[in-house]
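Residue numbers (this note's numbering), protein chains in the order written: chain A, 853 to 872; chain B, 28 to 279.
Even for Gly, the Cβ is constructed at its ideal location relative to N, Cα and C.
Quick caveat, the model's predicted, so the values are computed rather than measured.
Taking it in order: structure first as structure tokens, then the write-up.
Below, the structure is given as structure tokens:
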């Protein structure tokens, strides 16, 4: 999990492209 | 009851609508924005600036641009029905292997066939803009790919479904629930096939698209080889100045 922490975060976020 | 195990048409139709909508919502640039008439091509002075950049600076700039594009692909994946129901290991495996492939597929939208340029850093740029990277062969293959995919004149819906097909590849190493991914990819392929029929595309276009998958995979393998070579030369540079997401995706 540590190795892919940003991907994990992106997958868990409910962000939209506008927030990127 | 008739022994037919393929999903009902309504399922396929629903998935198709979901993927096309997800593609439009996460495309980074609208097609109207990408009209070459809206943007100038790289001028001689800009070209000199790009070409005079050090190899490290140009790699960093491209790593940043790739990372931005990949973030939209992550959003695309998240909105595809079924993706978030996969286990987290498989979500990561599919994105690590496929996000750059989708960026290359999406590039055909940003390609101007009149002068062999692609939208980059707010301008239309030809292969010569990327000279400082020291990867002429890779760059020329990427442009060839964009040109060839662009020549198929795919609609947005066709690009969306093809991108989803590329992303949901069941033959990636390290998948834990291969069968689930396989089923999802099969449904996406059916949706793509239905759409191509509805659009009255030539027979054989689906085969052409499926063949493109091996080309885009080859481009990504070559990107990894070039990155390894670059990292061997400048290990600190990648470590300190490249976007963390880029390192997570392509670092190992």
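Same chain, Cβ closer than 8 Å to residue i, neighbours up to 5 away in sequence not counted
i, result
"residue 151 of chain B", "63, 66, 67, 68, 69, 139, 142, 144 and 145"
"residue 243 of chain B", "128, 131, 132, 172 and 193"
"residue 182 of chain B", "226"
"residue 148 of chain B", "88 and 92"
Enclosing beta strand (DSSP E) for residue i [first to last residue]
i, result
"residue 150 of chain B", "150 to 152"
"residue 147 of chain B", "144 to 147"
Proximity below 8 Å, CB of residue i to CB of residue j
i, j, result
"residue 61 of chain B", "residue 133 of chain B", "no"
"residue 46 of chain B", "residue 187 of chain B", "yes"
"residue 273 of chain B", "residue 90 of chain B", "yes"
"residue 43 of chain B", "residue 223 of chain B", "no"
Any chain A beta carbon closer than 8 Å to residue i
i, result
"residue 119 of chain B", "yes"
"residue 239 of chain B", "no"
"residue 149 of chain B", "no"
"residue 156 of chain B", "no"
"residue 171 of chain B", "no"
"residue 87 of chain B", "no"
"residue 272 of chain B", "yes"
"residue 122 of chain B", "yes"
"residue 105 of chain B", "yes"
"residue 132 of chain B", "no"
"residue 275 of chain B", "yes"
Assigned exposure category for residue i - 16 Cβ within 10 Å defines buried
i, result
"residue 201 of chain B", "exposed"
"residue 48 of chain B", "exposed"
"residue 871 of chain A", "With a pLDDT of only 45 at residue 871 of chain A, under 50, the local geometry of the prediction cannot be trusted, and the value read off the model is given with reservation. Flag for residue 871 of chain A reads exposed."
"residue 259 of chain B", "exposed"
"residue 216 of chain B", "buried"
"residue 195 of chain B", "buried"
"residue 184 of chain B", "buried"
Nonlocal neighbours in the same chain, by C-beta distance under 6 Å from residue i, ignoring five residues either side
i, result
"residue 179 of chain B", "none"
Residue-chain proximity (residue i, chain B), Cβ-Cβ < 8 Å
i, result
"residue 856 of chain A", "yes"
Start and end residues, alpha helix (DSSP H) containing residue i
i, result
"residue 56 of chain B", "Looking at the DSSP string, residue 56 of chain B is not in any alpha helix (DSSP H), and its letter there is neither H nor E."
"residue 234 of chain B", "232 to 260"
"residue 860 of chain A", "857 to 864"
Nonlocal neighbours in the same chain, by C-beta distance under 7 Å from residue i, ignoring five residues either side
i, result
"residue 117 of chain B", "202, 203, 204 and 208"
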